[in-house]
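Chains as they are written, first to last, in numbering that gives the first Met the number 0: chain A, 0 to 351; chain B, 0 to 597. Worksheet for the structure shown next.
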Amino acid sequence: MEWLTLTIDGREVSVPKGTTVLDACRMNNIPIPTLCHAPELTSAGACRLCVVQIEGMRNLPPSCVTQATQGMKVETQNPKVRNARKVILELLVANHPLDCMTCQKMGDCSLAEYAYDYGVNGEVYQGEKRNLPIDSGNPFILRDQNKCILCGKCIKACSEIQGKSILDFSHRGFDTQVGPAFNLPYNESDCDFCGSCVSVCPVGALVEKQMVGKGRPWEVSKVQTTCPFCGVGCNFDLNVKDGKVIGVTSNPDAPVNGKALCVKGRFGMDMIYSDNRLTTPLIRKDGVLVPAEWDEALDLIATKLGEIKKTHGPNSIAALSSAHCTNEENYLMQKFMRAVIGTNNIDHCART
Amino acid sequence: MAENQRILVCAGTGCASSGALPIIDILNDEIKRQGLEETVSVVGTGCQGFCEKGPTLVIEPQQILYTRVTGEDVAEIVEQELIKGERVERLLLVDQTTQKPVSLMADIKFFAKQHRIILHNCGVIDPKKIEDYTARDGYKGIEKALKEMSPEDVLEEVKKSGLRGRGGAGFPTGLKWGFCRSTPSDKKYIICNADEGDPGAFMDRSVLEGDPHSVIEGMLIGAYAIGADEGYVYCRAEYPLAIKHLGIAIRQAEEAGYLGDNILGSGFNFHLNVFEGAGAFVCGEETALIASIEGKRGMPRVRPPFPAVSGLWGKPTNNNNVETWSNIPHILRNGAEWYGQFGTEKSKGTKIFALTGKVNNTGLVEVPMGTTLREIIFGIGDGIQGGKKFKAVQIGGPSGGCLPDDMLDLSVDYDTLMQAGAMVGSGGLVIMDETTCMVDIARYFLNFTKKESCGKCTPCREGTTRMYEILDRITKGEGKEEDLDTLETLALTIKETSLCGLGQSAPNPILATLKYFRHEYEAHIRNHKCPAHNCSALLSYTIDVEKCKMCSLCAKNCPTNCISGDKKTNTPYVIDEDKCIKCGTCIDKCKFGAVSRA
């Protein structure tokens, strides 16, 4: 691998060729604020918060889309750079509802974090603010466009991670919005509710509806787990407060799926506390389902299957396996049907 | 008259809007009625440039100009001019300095002081006829390139000419072509940017309307040099006549073998498409323009990669504007050395400007680079309307700046103007007199850029709106002392951090007016006065009791009934400032000059 040496804030650092200035800074623990950048998405260079000063370059280039070059001299914290970032933050905050006290994102909001760092309180620019309706017509995602900072990450997550391209910008300038075609609410669009958009939103514009009012980020412990819904093996974080799962958030380090999840994994965990959930086997006795012990239930199944096979032959039995099971469990199921029962009557719910 | 005569009637968008089209038919009928059809022909041409005096027509070969012609004037023109050989004096232009009518184009300042290279066919030929173009050496440039020169030779010639991009940035054209040529690819595109959007600018429209083949020929030569076989003209849909004429020209060029496969038997192929823009100013920015052709939302993207490496459909693409392309045939036909004699050392050739505003002669003018602003405004433009005092010239459109009277002797070229805080831009020149408020002008341009911002990057999207709001407050007398510092900080940040040229140049009108007309801002903020008496919220109207004859005309005409008084009871007339909407009707109506505005 070819390495380059550049100077950042007077410090000489070496990075592999092809590294952006932003990544070069982050590899070396030099903090750069970003709102529109996400490592798993292509860079738009739109929020301009990551601007730096580079010797010999015109204006203040955004570090997320500027390639590091040999001998480059970068300044990331000088007054000019910090002032420019402060003005940009002031502009964003001036068009943002300051209802942080009740905002679900409080404690996990990038805009609030940077505003704190740069001493921005939203008083410099007083003028027009957006007043757009809140999209709450679906059970999963609460969308408040008034909080949107138009970083465009949700658009990229939808097209680059999920491949759906439901979202894009509409209108121009100050009136720019993000949304599905014709600005339809999410539930009237082709949205799958995978929630990838929520997972990348840096502010409170897109939040998990189920979690609203249930807990603050600092009250919640995150427990990494594997999704039980299918055999893909996605990982995510259960958000647990006072011993109760209040929701699911992406774990960016998940080895199989990264931040991507499907609607079941991200929004289906309320099934844990569902009254309809089966917690013991049930055996029908005199027409009524009665709770039973596992041994009793398994004995009954073994006896019945044995009788049927004996009386009617193995091909009178069929099994339908489930995507809820792991690959290994599905393998065992077909092995059981073929080797123990002696039939090829095995199918799977995902084979449609 | 023994000699054959041609009547060139301007049928460009400007003159057509003032009623030029019926004149052509009426002229033809009248000429027939007088039996002159053997010796006199009528030609509907592209823009002759003198739009404000339109409809205009020129009698050839004498080169006599008639202005503001109507259908009713036709019979008189035919009778006097064509039969008797005498002038119709009332339709001649009046020189504002001598106050005398002038008939010959050579004696009219507007034309005499221009140097027309790009516009040499505009207003002279019928743009709908390829034979009119070829009769004036049209397509000689591409013939020379294909028959006598290699693509490298062509590239060298363009580099040597010193031509710089006429879209505004002034990047050397040959260098740009070279980047695209040297990128290896199985397919390359060239684009003509005809998305002219600056308020008041219509250079490109006039070239496309009046001489479309020159653009096609320029693109052919460029495609040959670069190695492209397909091109697009991205023209705004608001230019229907330009699109129509371009369509006709493309069909004719295809039929004549100048476009298509194996052009002039050389083996070189080039196909040209027209793409109509959907009305976004930002699509003049090349990456947004390319996104728009691809069917995407017209938003700029970060560069690199530059279009020369990855442009339209990911292929190497070269984009120049209309005026740049139409320079190319002249350079090829006459050589780089010939071209280099016009202009300054670093800004070669001529430039077309749209001269508008408070100047006597408005219209399209072409001058060598390096001509002074004074020469353009007071020479070609014949000074300020109504004998008022010159205040500023806004140059370069919404991206440019306003320059005051002590900069009138600046040479109009890329580098000098950039240094002065303005820019050549696409070539808009708006002249302002003493009644123009410079804060209001900055506000006007910011209203434009804030609406046209694409919304992608934060500084431009949010910042242009905030700058507009501050300016709006100042013009209403609600400005605060700290507003000027806030404006300056904001303007400089937007300039340095915006993604594309639109945002990077949007603060220029503010920075330039703050630099040269700061006192006007201060007067609005500190004294709540508009020195130009333009900002209505800051005006107050008073009636001078000494001069007032109590005729009651002002009160009778006031739309808000805010003037009261009575002659019988000898109650003086006064204006109720709370009700006054500052419309100025009272001043217009008063015969005794008793009402004053301050």
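Idealized CB from N, CA, C, for every residue including glycine.
Quick one: grab the DSSP three-state call for residue i.
i         : result
Glu365(B) : strand
His36(A)  : coil
Pro211(B) : helix
Pro571(B) : strand
Lys390(B) : strand
Met105(A) : coil
Tyr124(A) : coil
Gly161(B) : coil
Asn320(B) : strand
Ile63(B)  : strand
Gly173(B) : helix
Ala1(B)   : Confidence is the limiting factor: at Ala1(B) the pLDDT is only 48, short of 50, which leaves the residue's position unreliable and the question unanswerable from this model.
Glu74(A)  : strand
Met431(B) : strand
Arg47(A)  : coil
Glu36(B)  : coil
Tyr223(B) : helix
His114(B) : coil
Does the distance from the CB of residue i to the CB of residue j come in under 8 angstroms?
i         : j         : result
Val273(B) : Leu245(B) : yes
Tyr233(B) : Ile190(B) : yes
Gly426(B) : Ala200(B) : yes
Asp8(A)   : Thr75(A)  : yes
Glu336(B) : Lys387(B) : no
Gly424(B) : Ser398(B) : yes
Ile327(B) : Gly177(B) : no
Ile215(B) : Ile249(B) : yes
Leu92(B)  : Leu64(B)  : yes
Val8(B)   : Asn27(B)  : no
Glu322(B) : Arg165(B) : yes
Leu363(B) : Leu118(B) : yes
Leu40(A)  : Val50(A)  : no
Ser320(A) : Ile345(A) : yes
Ile469(B) : His523(B) : no
Asn329(A) : Gly232(A) : no
Gly140(B) : Leu331(B) : yes
Mind pulling the chain A residues with CB within less than 8 angstroms of residue i?
i         : result
Val438(B) : Under the 8 angstroms cutoff, chain A gives no residues; its nearest Cβ is about 17 angstroms from Val438(B).
Pro458(B) : Arg47, Val86, Ile87, Leu90
Counting only Cβ pairs nearer than 7 angstroms, list the residues of chain B close to residue i.
i         : result
Asn94(A)  : Glu461
Ala83(A)  : Thr492, Glu495, Thr496
Tyr124(A) : Arg465
Leu131(A) : Within 7 angstroms Cβ-Cβ: nothing; Leu131(A) doesn't reach chain B, min ~14 angstroms.
What in chain A is Cβ-close to residue i, meaning under 9 angstroms?
i         : result
Ser452(B) : Arg171, Gly172, Phe173, Thr175
Arg296(B) : Asp167, Phe168, Ser169
Thr485(B) : Val123, Tyr124
With a 10 Å radius around its C-beta and 16 neighbouring C-beta atoms as the bar for buried, classify residue i as buried or exposed.
i         : result
Leu97(A)  : exposed
Lys284(A) : exposed
Lys16(A)  : exposed
Glu295(A) : exposed
Gly341(A) : exposed
His212(B) : buried
Ala338(A) : exposed
Lys99(B)  : exposed
Tyr540(B) : buried
Ala1(B)   : Note that Ala1(B) scores 48 on pLDDT, short of 50, meaning its location in the model is unreliable; the coordinates nonetheless yield the value given after this. When all chains shown are included, Ala1(B) counts as exposed.
Ile440(B) : buried
His36(A)  : buried
Applying a beta-carbon distance threshold of less than 8 angstroms, which residues of chain B neighbour residue i?
i         : result
Glu127(A) : Thr464, Glu468
Can you pull the chain A neighbours of residue i, defined as C-beta to C-beta under 7 angstroms?
i         : result
Lys455(B) : Ala45
Val301(B) : Gly44, Val64
Leu489(B) : Val86
Next on the checklist: Please give the ranges of any alpha helix (DSSP H) in the region 260-338 of chain B, keeping only runs that are unbroken, at least 4 residues long and fully inside the region.
Outcome noted: 285-292, 321-333
Checklist entry - Whole beta strand (DSSP E) runs in the region 103-185 of chain A with 3 or more residues, listed along the chain? => result 140-142, 167-169, 176-178
Checklist entry - Which residue spans inside the region 509-546 of chain B form an unbroken beta strand (DSSP E) run of at least 3? => result 540-542
Checklist entry - Going along the chain, which residues of the region 50-63 of chain A sit with their C-beta nearer than 7 angstroms to a C-beta in chain D? => result Judged by its chain identifiers, the structure shown contains no chain D, and its protein chains are A and B.
Checklist entry - Curious, which full-length beta strand (DSSP E) runs of at least 3 residues does the region 128-162 of chain B contain? => result none
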